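Chains A and B supply the protein sequences, listed in that same order. Heads up: the first sequence begins at 38 in the working numbering, then just goes up one per residue. Heads up: the second sequence begins at -7 in the working numbering, then just goes up one per residue. Working notes, beginning with the structure itself.
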Amino acid sequence: MTGTVLVALAVFGASAVEMVEALTIVMAVGFTRGWRSALEGSALAVLCLAVVVAALGPALIHYVPLNVLRLVVGSLLLVLGLQWLRKAVLRASGYKAKHDEDAIYGREVERLSGVSRSGSRRDATGFVISFKGVFLEGMEVVMIVLTLGLSSGQLGAAAAAAAAAVLVVGGVGVVVARQLSEVPENAMKMGVGLMLVTFGTFWGGEGAGLQWPGVDLALLGLLALYGVTTWVSVTLLTRSRRQLGAAEAA
Amino acid sequence: MRLGRWLTTFGRFWWEFIVGDTPEVALGVAVIVVAGWLIAKSAQAAAVVVVPLAIIALLLASLRRGLRAN
Chain A
38 MTGTVLVALA VFGASAVEMV EALTIVMAVG FTRGWRSALE GSALAVLCLA
88 VVVAALGPAL IHYVPLNVLR LVVGSLLLVL GLQWLRKAVL RASGYKAKHD
138 EDAIYGREVE RLSGVSRSGS RRDATGFVIS FKGVFLEGME VVMIVLTLGL
188 SSGQLGAAAA AAAAAVLVVG GVGVVVARQL SEVPENAMKM GVGLMLVTFG
238 TFWGGEGAGL QWPGVDLALL GLLALYGVTT WVSVTLLTRS RRQLGAAEAA
Chain B
-7 MRLGRWLTTF GRFWWEFIVG DTPEVALGVA VIVVAGWLIA KSAQAAAVVV
43 VPLAIIALLL ASLRRGLRAN
């Protein structure tokens, strides 16, 4: 039960973060090149991603032994989670610039406004950019859905959580229009990074032959351990950044 | 020719995805998983302590590298 809830939360959070980034591109395309090409490109990309999950998921379950799957998947989750967590800590403490959706939106609009339109009703440039944006951001979601879903035996729940995130972010996008910078993306990325590192440790460890005390409850212990480490890191780095700023000003 | 280009793009995607600008993370995870497997064979209790601590050490080392880069 603990594992299922955490899997659903991790997939939902990861999908939401990636979809915010994809939505920025889709909205830039929609406002500059027209909504038809933007929405058609996005829809085709989502369809392709769903096909990848549907094709790869069952095949991996049938042909790869569970321990090997967990070892590989756990390692992948660890790499991905540590990358996300590292970036989120550096951004939260001010050592790295935050992901600015408004700036990205502005750059995309400027770039797209300069490209001439084709004569047909469907704008090819808008369609391709929208498709690429959603497909590339979505590939990371596919990886997370497959890895978390397969290792926990909850592929259906993981796919449903990802689909829910796409709907929620899409809905929010329609309501808030261009105010995507309001989304607390870094905090979400940090939370998801923590969960990915937790699951990566758990399943990678099981695949390597570790037997976690308390089985699923060990997930909560690992999450708490990594959460405290992250909090301490952000606190110390923020303090050192402020001291550095004060020293530079003096 | 087209297949070769596709394979190159595919390989580059995975390289960027797994290694990217944090090679220390990919290498560190590989080392931790192998070490965890070796330790678990002889000392199960030690392995469940060592592996999470090693991951924390890897995160801190990667943060240190990130600070230097930024």
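All C-beta atoms in this analysis are idealised placements derived from N, C-alpha and C, irrespective of residue type, glycine included. Remember, it's a predicted structure, so these values are computed and weren't measured experimentally.
When Cβ-Cβ separations below 9 Å define contact, Phe5 of chain B makes contact with chain A.
Shown here for Ser74 of chain A: same chain residues with a beta carbon closer than 6 Å to its own, the five before and five after excluded, namely Arg159, Asp160, Gly163 and Phe164 in chain order.
Taking the Cα positions, Val205 of chain A is about 20 Å away from Met227 of chain A. When Cβ-Cβ separations below 9 Å define contact, Ser112 of chain A makes contact with chain B.
Under the Cβ distance rule, Thr1 of chain B does not count among the residues neighbouring chain A, no pair being separated by less than 9 Å. Assignment of beta strand (DSSP E) within the segment 16 to 46 of chain B, counting only whole runs of 3 or more residues, yields no such run.
Taking a contact to require three or more Cβ pairs closer than 8 Å, the segment 78 to 89 of chain A and the segment 250 to 265 of chain A do not qualify as touching.
For Lys133 of chain A, the three-state secondary structure derived from DSSP is coil. Secondary structure of Gln120 of chain A (DSSP, three-state): helix.
Judged by DSSP secondary structure, Gly258 of chain A falls within the alpha helix (DSSP H) whose first and last residues are Leu254 to Ala286. Nearest Cα to Leu115 of chain A within the set A:Tyr263, A:Tyr132 and A:Ser270: A:Tyr263. Taken through DSSP and simplified to helix, strand or coil, Ala161 of chain A comes out as helix. Only Trp29, Ala32, Lys33, Gln36, Ala39, Val40, Val43, Pro44, Ile47, Ile48, Leu50, Leu51 and Leu52 from the segment 29 to 52 of chain B bring a Cβ to less than 8 Å from some Cβ of chain A.
Among the residues facing chain B, Lys124 of chain A is included, as its CB has a counterpart in that chain under 9 Å away. Chain order gives the chain A residues near Val25 of chain B as Leu108, Gly111, Ser112, Leu115, Gly241, Gly242, Gly244 and Ala245, where near means a beta carbon separation below 9 Å. Proximity of Lys133 of chain A to chain B, defined by a Cβ-Cβ separation below 9 Å, is satisfied.
At a cut-off of 9 Å between C-beta atoms, Met64 of chain A does not count as an interface residue with respect to chain B.
Contact between Gly246 of chain A and Ala32 of chain B holds, since their C-beta atoms are separated by about 4 Å, short of 8 Å. Nearest CB-CB separation between Ser270 of chain A and chain B: below the 9 Å threshold.
Note on geometry: alpha-carbon atoms of Ile62 of chain A and Ala284 of chain A lie some 40 Å from one another. Taking the C-beta atoms as reference points, Gly28 of chain B is found nearer than 9 Å to Gly241 of chain A.
Looking at B:Ala18, B:Leu(-5) and B:Ala35, the one whose alpha-carbon comes closest to that of Arg123 of chain A is B:Ala18. Per DSSP, the continuous alpha helix (DSSP H) segment holding Pro95 of chain A begins and ends at Trp72 to Tyr100. Judged by DSSP secondary structure, Asn223 of chain A falls within the alpha helix (DSSP H) whose first and last residues are Glu222 to Gly244. Not a single C-beta of chain B is nearer than 9 Å to the C-beta of Met232 of chain A.
Chain-ordered, the chain A residues with CB closer than 8 Å to the CB of Gly12 of chain B read Gln120. Under a criterion of Cβ atoms nearer than 9 Å, the residues of chain B adjacent to Pro250 of chain A are, in order, Ala37 and Val40. Here Trp249 of chain A carries a coil assignment [DSSP, helix/strand/coil].
For Gly(-4) of chain B, the nearest beta carbon of chain A is not closer than 9 Å to its own beta carbon.
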